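Throughout the sequence shown, residue numbering follows the UniProt record's numbering, covering 1 to 318 in sequence.
Every residue, glycine too, gets a C-beta built ideally from N, C-alpha and C.
Predicted model only: the values in this text are computed from it and were never measured.
Single-structure report; data block below.
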Amino acid sequence: MDWNIDRKISSITVDGLDVIKVGIEKIRDSVAYWTASQKREEKFEETVRQLNVTSTKKLGLDCVTRWNSTFLMLQTALLYKDVFIRLSKRDAQYNSLPSEREWGFARDVCQKLKFFFKVTELFSGTKYPTTNQCFPNICEIRLELRDWLHSENQVIREMAKRMVEKFDKYWSVVHGVVGVSAVLDPRYKINVLEFYFKLLFPTSYTEEVDKVRALCYKLLKEYQCPNSMMEGIGDSSSQSSSIDYPILQAMARDLLAIPVSTVASESAFSTSGRLVSPHRSRLHPDTMEALMCAQSWLWAAEMKGNELSILHFSTLVN
């Protein structure tokens with residue numbers, strides 16, 4: 001079981017990126033152009049040295065189905081903005097340079113999405129519980145979006161409007177359960193609900209707190225069991241601090257064990273393992289089909305060879 005929070009954040013963020021779709025395409029084409037061959041890469045690196053750009057990050061194409069890879073591509077490309085401008089004057093074939101306005105939009109959007117990137121990375125962790133950290137971070141996202149709605153930048157306002165519509169749809173589904181998880185964290189308890197609901201619902205925050213409190217009591221009743229069973233739980237936990245609160249221990253154990261994300265961060269943020277690489281995705285369909293078929297045939301031949309080796313080994317052993 002999981003809550004797919006990472007997918008919900010991804011869906012919200014993709015809607016935000018659509019606002020600067022044209023600018024992103026130009027930056028993507030620019031990155032593809034200057035990483036298409038070793039000669040172009042060398043020319044790019046030479047210009048980087050000439051302009052004394054201190055960054056050592058490598059240009060990399062994004063995976064269009066992963067917003068976080070698009071964020072990283074934009075973040076790196078922005079560091080080399082002056083390099084792209086200089087190269088556009090030296091290479092007549094390079095014709096996908098973003099305008100100054102599009103660079104500005106990309107920079108503003110990157111600054112805004114940095115928080116989403118950090119939250120997604122946090123939720124995708126596998127070496128620590130993530131459920132108890134979900135509620136405060138989801139609330140922080142909503143507060144950020146509310147601020148963006150009043151931004152001086154029209155693009156940011158339009159981006160926030162789209163994201164808020166989808167966020168509110170998801171919020172109505174998840175906020176009660178993640179609120180219970182926050183209450184079960186001894187660092188937060190009911191105080192965290194009161195703090196954030198006052199900010200999010202100034203006129204009705206007590207009602208929202210009461211809803212989560214009622215859900216906590218309802219869940220508590222579900223976990224209640226006969227005294228004989230309670231004694232068994234207490235005996236097995238005699239050396240644990242949970243001896244006085246066995247039901248709460250069971251609730252916390254079950255709820256906090258639910259992963260917020262469906263995938264680990266190393267998978268969510270990885271751009272490896274793609275069936276079609278960024279450069280091959282720009283090839284003619286017939287060429288692409290030929291390459292994929294050849295790969296399949298070669299792999300089948302290799303697997304057949306391995307099977308014959310295993311069969312030969314088994315014969316020798318027998």
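Margin query: Using C-beta distances below 7 Å, list every residue in its chain close to E144, excluding the 5 sequence neighbours before and after it, in chain order.
Written below: F115
Next item on the list: Over the uninterrupted alpha helix (DSSP H) stretch that includes K127, give me the two end residues.
Entry: Premise fails: K127 is in no alpha helix (DSSP H) and is neither H nor E.
Item checked: Cα-Cα separation, S272 to C63 -> Here S272 scores only 40 on pLDDT, less than 50, and its place in the model should not be relied on; the value that follows carries that caveat. The alpha-carbon atoms of S272 and C63 are separated by roughly 10 Å.
Check: By the 10 Å Cβ neighbour count, where 16 or more other Cβ atoms means buried, how is V212 classified, buried or exposed?
Finding: buried
Note to self: So for Y205, helix, strand or coil by DSSP?
What the structure shows: helix
Margin query: Let me confirm a value: Q133 is counted as buried when at least 16 other C-beta atoms fall within 10 Å, else exposed. Which label applies?
Written below: buried
Note to self: Starting from V31, trace the alpha helix (DSSP H) in both directions and tell me its first and last residue.
What the structure shows: 21 to 34
Margin query: If I follow the unbroken alpha helix (DSSP H) through L199, where does it start and stop?
Written below: 189 to 200
Check: Buried or exposed: K112, going by 16 or more other Cβ atoms within 10 Å of its Cβ?
Finding: buried
Next item on the list: Could you pull the start and end residues of the alpha helix (DSSP H) that K57 belongs to?
Entry: Segment: none, K57 is in no alpha helix (DSSP H) and carries neither H nor E.
Check: How about S69 and T131: do their beta carbons lie closer than 7 Å?
Finding: no
Check: Quick check: the region 49 to 58 against the region 91 to 108, are there 3 or more CB pairs under 8 Å?
Finding: no
Check: How many Å lie between A268 and M73 at the Cα?
Finding: Residue placement at A268 cannot be trusted, given a pLDDT of 44 that sits under 50; the coordinates are not used to answer.
Checklist line | Under the three-state DSSP convention, the category C110 falls into | finding: helix
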